[in-house]
Structure formats: structure tokens, C-alpha cells
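For reference, the structure is listed below as C-alpha cells.
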Amino acid sequence: TARGMMDTIFGNLVFEPLMQRNADEAFTLYGLLAESADMDPERKSIEFHLNPRAKWSDGQPVTPEDVLFSYDVYTDKGRPPYSDRMARVAKLEKTGDHSVRFTFNDKADREFPLIIALTPIIPKHAFDKETFDRTTLKPVIGSGPYTIAQVQPGQRIVFKRNPDYWGKDVPAKRGFDNYDQITIEYFLNANAKLEAFKKGLCAIDDDSDPVKRERDLDFPAFHKGDVIAETFDTGIPPVVTGFLFNTRLPKFANPVVRRALGMLYDFEWANKNLFGGKYTRTMSYWQNSELSALGHPADDREKALLAPYPGRVPADVMDGTWRPPVTDGSGQDRRVLKAAFDLLKSVGYHVQNGTMLDPEGKPFGFEILTASQDEERLAGIYQRTLEKIGINLTIRSLDGDQIQSRKQRFDFEVLVGSSGFNNSLSPGIEQSGRWSSTAARTEGSFNLAGVADPAVDAAIEAMLRARSKEDYVAAVRVLDRLLISGNYMVPMQYNTQQWIAYWNYLEHPQKTPIFGYQLPTWWRKPN
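And the structure:
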């Protein structure tokens with residue numbers, strides 16, 4: 003659908019997977035389209051037993067044929083990661099009127115049965131394989147709690163609750179899907195979105211900028227108590243955002259150059275002047291969790307994994323003491339500027355007439371793509387610092403569709419903000435899609451940085467084959483150390499809590515799960 007196979011905010015509105023995650027556990031699945039599953043101890047196969055009550059929104063039953071059809075379509079017409087999944091399946095077969103079995107080949111890891119369980123299923127009778135990849139405004143048929151009532155391209159999508167939804171009494175769905183109608187509105191920019199919220203045209207405002215939040219909430223409805231501002235604690239690693247380098251390009255191929263560029267984002271100035279001192283510097287891909295390399299010296303397990311790749315990880319990253327440079331917050335800390343300049347000088351860069359020249363004597367500069375005013379502002383901070391050592395940074399603003407197209411083709415030099423992604427307490431096969439050598443060569447993958455490092459590939463493989471918690475944590479920490487050492491992005495900042503403002507006709511559960519607030523579990527008060 004226009005909001006994807008799974009909506010990033012509301013979850014599986016239209017299409018559903020065989021099993022569903024619990025937002026209060028790291029990685030536990032419960033039955034949905036499948037009421038149960040049988041998996042052998044070695045995880046070489048898994049058999050799903052479909053819930054005989056499961057049906058599509060047009061009343062037809064969900065069948066094993068639908069599961070087989072879904073994977074056939076995804077393989078031939080889908081995008082990564084869906085298109086890649088059958089490469090790890092040796093056999094997919096119908097085993098009964100309500101059951102299917104996946105048998106895996108040697109390419110599959112121990113997490114893969116769970117990934118299969120989370121793949122959305124589509125109806126065979128309602129889709130044509132040959133036209134699956136074509137855009138259409140025709141409402142689709144799904145098994146989820148909502149149907150698409152209206153689509154106005156570029157303006158809004160309206161989802162209407164299906165009164166005949168088959169799964170409302172499934173244990174994993176209790177407490178969810180409490181709205182009769184969900185309208186997703188699209189706005190030209192953040193200011194238009196805010197004004198709509200203040201007028202009551204939108205129910206929530208999830209802007210995470212603390213300074214803007216305090217300023218934007220200064221309006222009558224908030225002061226009267228009609229609008230509530232609330233913070234929620236989470237138990238997962240924060241979203242990783244930064245200036246992401248396309249290392250496929252020669253100008254970013256040298257990790258020393260990337261390291262020097264990484265030193266030139268003045269977080270202290272930005273935090274003081276833009277964020278009211280309320281942000282924390284991003285330093286790890288699994289920050290605030292036991293999976294992070296920060297504060298943890300590499301143990302024997304980690305050293306063994308890194309032994310075939312000597313010199314990949316600097317000593318301070320190995321012993322867990324590495325931290326990005328801290329500036330004086332002035333926006334022109336000469337000590338940090340000199341350290342970055344000296345690094346560039348060590349690999350053949352020099353300044354002539356105020357311009358940084360690369361080892362071939364050509365002016366060194368690059369372009370950052372931005373998709374919002376906030377991203378432009380962050381890029382502007384970086385631009386001012388780079389200019390102080392003669393590096394020319396061009397900021398190009400594009401709309402969301404243009405950015406997405408460029409990302410899919412890896413047609414960019416540096417991305418900001420839009421390169422952000424969520425990490426979890428259970429990293430798995432998605433890390434291959436983000437960081438593996440194979441993904442680096444696959445257009446449309448999420449390996450935007452173009453990371454192609456055998457050491458990274460080996461760490462991901464070790465993570466996926468781990469049988470014990472100790473081996474798993476060691477593998478993830480090795481991956482964290484390698485990504486930090488590779489300087490693939492200039493890490494920016496994060497907030498330690500979720501911030502949201504909402505109109506007081508909404509209510510939510512008292513307990514917040516480890517993944518943070520879940521809008522599908524909120525409800526509207528009776529009039």
C-alpha cells in the first residue's frame with residue numbers, strides 16, 4: 003500500500019504476517035495468521051498451522067496457497083529484503099488444508115524462521131503477479147484490521163476499521179486497533195503540520211526537537227490543558243542518525259579521510275544552541291545497551307573473531323574507551339580543527355589559497371542531500387565548520403520522492419537525517435541488508451554507505467550463527483567496533499526519551515513497553 007507492507011507507526015493495518023512481535027520483549031513472536039508453529043531444534047525447518055478463522059477483508063479464507071503465492075511474488079517482483087528470502091529456502095510446501103512448511107538450505111541462519119514468520123502475506127485471488135510491481139490507486143484486499151477507504155495522492159490516506167475483522171479475539175491482538183478510522187495526512191513541511199495540529203486537525207505531534215517543542219506548545223489549547231505533552235522512556239538503543247558517506251565514491255574510499263570529516267561536526271555547539279542541551283552524542287550503533295562496544299573492552303571471543311583481520315579496529319575502540327572529540331562549544335575549536343586537518347594532511351591533503359586540495363591537487367568538497375528544513379539546519383552547522391579548513395560543502399534540498407529515488411540508486415555523496423535507522427536488542431539478518439558486501443552491490447538495498455568489508459561480513463555471520471548469549475553479544479560488539487572504526491557516518495545526536503504532544507481526547511495504557519509508546523494501543527475517549 004502507499005504506507006508500505008507494514009505501517010511504521012500503526013503496524014500491520016492491511017496486511018498481516020503469520021506471527022506478531024510483542025513490543026515489550028526483545029524478540030518474541032505470537033500467533034496471528036498462524037495459530038501455532040512447529041520448529042525443529044536445529045531450526046532447519048518450520049511448519050505453520052494457519053488459524054482456520056483467518057480470512058481476507060472480502061470474506062475469503064486465508065489458505066496455504068496464499069502463503070506460497072506471496073513468496074512467489076516477492077521473489078520475482080518484490081524489493082529487498084523480501085525478494086531475497088527464497089534464496090535461503092530449499093523447499094516451500096503445502097502440508098495440509100491449513101498448514102505450510104518451510105525447509106531451509108545452508109544459507110539460512112537461526113533467526114531466519116522468525117523472519118519468515120514476520121513476512122506479510124497477500125491474497126492470491128486478489129493480486130496479479132504480472133502487475134504486482136505497478137502503481138495503482140485501486141483499494142487492496144488484506145487480512146488486517148483496517149481497509150483502505152480513501153487515497154488522495156500527496157494529501158491523505160484514510161483507513162477504516164473492518165467490523166468483520168477475523169482476528170479481534172486473537173490473544174496477540176487484544177488491546178490493539180481501537181480507532182474506527184485512521185487518517186494519515188501529508189504536509190508540505192513541518193510548519194504546515196504543526197499549524198494543523200494546533201487547529202485540532204491532527205491528533206498528535208511527534209516532533210522530537212526539544213527547543214521547537216517548548217516554543218511550539220505555546221498556544222491556548224496547551225495552556226488550557228486540551229493538549230498534553232508527555233515523555234516516554236524506552237529500553238532499546240536510540241535511532242542512529244548522521245551524515246552518511248557513500249563510500250563507493252573515490253573521495254570517501256579512505257577511512258582516514260572519513261575519520262577526519264567525522265571530527266568536524268560540532269555537537270557541543272549544536273546541542274547548546276539548537277537543542278537546549280537536551281541531546282546526547284551518538285557514539286555507538288547499539289548505545290545504552292549491553293550490545294554496545296562503549297565501555298566494554300573486547301573479550302577473548304571478540305579478539306578471536308577479529309584475529310583474521312589485524313589492524314581493523316584501533317586500540318581505543320578495542321578497549322571500549324573511544325569517544326568522539328569534545329569541542330569547547332564555540333563553533334570554532336581550533337584544537338579539534340587542527341587534529342582533523344593533521345589527519346587529512348597525513349594522507350596527502352593540503353590547503354592552498356584557502357581551499358582544501360586532495361592528493362591529486364583537486365579542490366575537495368562534496369554535496370549533502372536534505373529533505374527538510376531541520377536537515378538543512380544540521381547540514382548548515384557542518385558546512386560552517388568544514389569551511390574553516392577549506393572544504394566546500396554544497397547543500398541540496400530535494401523532496402521525499404527524489405531522495406528515495408536517489409537512495410535506491412545510490413546516487414548521492416552524503417545523506418543526512420534520512421539515513422537514520424532503528425536498532426534493536428535483537429539485531430539479526432537486517433544487519434546484512436545494511437552492512438554486507440552483497441548488499442553494497444545490490445541497488446535498492448539499505449547498505450547506503452556501501453560498506454564492503456570481509457571483517458564486517460564475518461561479524462554478521464558470527465552473530466547469525468550464535469547459539470549462546472555470550473557468543474551473540476560478542477559478535478554484535480565486534481560489528482559495533484568495526485562500524486565505529488570504519489567511520490561510515492558522522493554520528494550526530496539523539497534524545498533519550500520519546501516526546502509526543504496529543505489532544506486530550508486520546509488516552510494510552512499506563513505501562514510503556516520497552517519499544518516505547520504504541521499508538522495502536524491508544525484509544526479515543528467516549529464523547
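Here the numbering used here is used: the first residue of the sequence shown is 3, the next is one more, and so on. Glycine included, C-beta positions come from ideal geometry on N, C-alpha and C.
Counting along the chain, I118 sits inside the alpha helix (DSSP H) bounded by residues F114 to A119. The segment 224-299 contains, as complete alpha helix (DSSP H) runs of 4+ residues, the segments 257-264 and 269-275 (chain order). Ranking P222, R87, K79 and F50 by CA distance to the CA of I431 puts R87 first. If you check the CB distance, T138 and R158 do not come in under 8 Å. Annotation for W505: the continuous beta strand (DSSP E) segment containing it runs Q499 to W505. Sequence-distant partners of P66 (beyond 5 residues in either direction) whose C-beta falls short of 6 Å from its own C-beta, in its chain, are K96 and V102. Restricting attention to F161, G202 and G156, the CA atom closest to the CA of Y188 is found in G156. DSSP places V475 in the uninterrupted alpha helix (DSSP H) bounded by K471 to G488.
Rounded to whole angstroms, the gap between the alpha carbons of S291 and D130 is 45 Å. Where L388 is concerned, there is no enclosing beta strand (DSSP E), although the alpha helix (DSSP H) around it starts and stops at Q375 to E389. With fewer than 16 other CB atoms across the displayed protein chains lying within 10 angstroms of its CB, V241 is exposed. In terms of CA proximity to G146, I123 leads the group I123, G202 and V353. Rounded to whole angstroms, the gap between the alpha carbons of V418 and I206 is 25 Å.
Taking the CA atoms as reference points, A464 sits about 14 Å from L293. Fewer than three beta-carbon pairs drawn from the segment 293-304 and the segment 247-264 are found closer than 8 Å, and the two stretches are therefore not classed as touching.
Of the residues Q22, D135 and L203, the one whose Cα lies closest to the Cα of F178 is Q22. The segment 475-494 and the segment 282-289 touch, with no fewer than 3 CB-CB distances between them shorter than 8 Å.
For T387, the number of other beta carbons within 10 angstroms of its own is at least 16, and it is reported as buried. CA-CA distance, Y507 to T498, rounds to 27 Å.
A direct Cα-Cα distance of roughly 12 Å separates G518 from Q512.
A Cβ-Cβ distance of about 7 Å is found for the pair R112 and R467, placing them in contact under the 8 Å criterion. Beyond the five residues adjoining it in sequence on each side, A381 comes within less than 7 Å, by CB distance, of I370, T372, I397 and V418 in the same chain, given in chain order. Annotation: F343 to A262 spans about 7 Å, alpha carbon to alpha carbon. Within the same chain, and ignoring the five residues on either side of V475 in sequence, the residues whose Cβ sits closer than 7 Å to its Cβ are E292 and L293.
Beta bridge pairing from DSSP links M465 with no other residue. Counting only runs of 3 or more residues that sit fully inside the segment 57-113, the beta strand (DSSP E) segments are 91-98 and 101-106, in chain order. Within a 10 Å sphere around the beta-carbon of I502 sit 16 or more other beta-carbons, which makes this residue buried.
V172 and L34 have their C-alpha atoms roughly 7 Å apart.
Boundaries for V416: no alpha helix (DSSP H) harbours it, while the beta strand (DSSP E) harbouring it runs V416 to V418, taken from the DSSP string. Taking the CA atoms as reference points, S399 sits about 42 Å from W58. When secondary structure is reduced to three states using DSSP, W525 falls in the strand class.
If you compare the alpha carbons of K175, V478, L196 and S210 with that of F221, the shortest gap goes to L196.
For N193, the enclosing alpha helix (DSSP H) starts and ends at A192 to K200.
Linking V142 to F448 through their CA atoms gives a straight-line distance of about 27 Å. The distance from the Cβ of F366 to that of Y384 is about 15 Å, inconsistent with a contact at the 8 Å cut-off. A direct Cα-Cα distance of roughly 12 Å separates R260 from V349.
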